[in-house]
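These notes are about the structure you will find just below.
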Ligand SMILES: [Zn+2]
């Protein structure tokens, strides 16, 4: 610390560097977030699409069931017609009674089956209504997705432009860092990013809250290079604190 304390380092430069580093961190996270936001938006479309597919599948199954039951109904009706003909041609009372019983049994079975067909047809109506609803939802989800994606991409483009400008500003500002400090600065920035620099908040480090002795604050008032003894951040006095 004692050897470093002789090095002059302007608080204006440190403030500017810290502002740019914070801006960079924010812009980088914005740029990184964009594809995640697009993915989340696409997931909503996929979910709506799955609901449509599910309704279509249920409709297909219900129609299949209705077809099977209606076919069964028709077959049994045909059989009743045949039995009625046989009934008229019955050669004995025993035969007559047998045909009569078979006809009665088939009619009873078909009554139950008709109710079932009616139920399935009602289900089909219901599923059709659901399908209409989820199809509309899918359409609006798709158009919302398009809007969201274009908004995200527009924001991303702005963020990327700002990022390039901030990177250029950083590069030019970093040339003002005294050469003797540069490698330390690069190392801490590489490890800690925006937390490589910290304002002094009251009498503590604005990054790790370590309380600083008056000697540190005095050094900062004289614009001398001062590192936090705990987190090693490059300290600076905020603009509203008197310097030298
Ligand atoms: Zn600290």
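Numbering (my numbering), first residue to last: -10 to 233. From the three backbone atoms N, C-alpha and C, an ideal C-beta is built for every residue, glycine too. What you are looking at is a predicted structure, and each value in this text was computed from that prediction instead of being measured.
Each residue's CA atom was taken as its position, placing residue 107 and residue 95 some 18 Å apart. In this structure residue 195 is buried. Its beta-carbon is surrounded by 16 or more other beta-carbon atoms within 10 angstroms. Per DSSP, reduced to three states, the secondary structure at residue -3 is strand. By the Cβ neighbour-count rule, residue -4 is exposed, with fewer than 16 other Cβ atoms within 10 Å of its own.
Secondary structure at residue 24: helix, using DSSP grouped into helix, strand and coil.
Boundaries of the alpha helix (DSSP H) harbouring residue 143: 82 to 163, taken from the DSSP string. A distance filter of 6 Å between CB atoms and the heavy atoms of ligand 1 selects the following residues in sequence order: 187, 194, 196, 197, 199, 217, 219, 220, 222.
Of the candidates 45, 69, 85, 85 places its Cα closest to the Cα of residue 76. Counting C-beta pairs with one atom in each stretch, the region 63 to 75 and the region 146 to 163 have fewer than three that are closer than 8 Å, which means they do not touch.
Short of 6 Å from the beta carbon of residue 124, and not among the five residues preceding or following it, lie these beta carbons of its own chain, in chain order: 41. The Cβ neighbour count for residue 176, taken over all protein chains shown within 10 Å, is under 16; the residue is labelled exposed. Here residue 29 is exposed, its C-beta having fewer than 16 other C-beta atoms within 10 Å.
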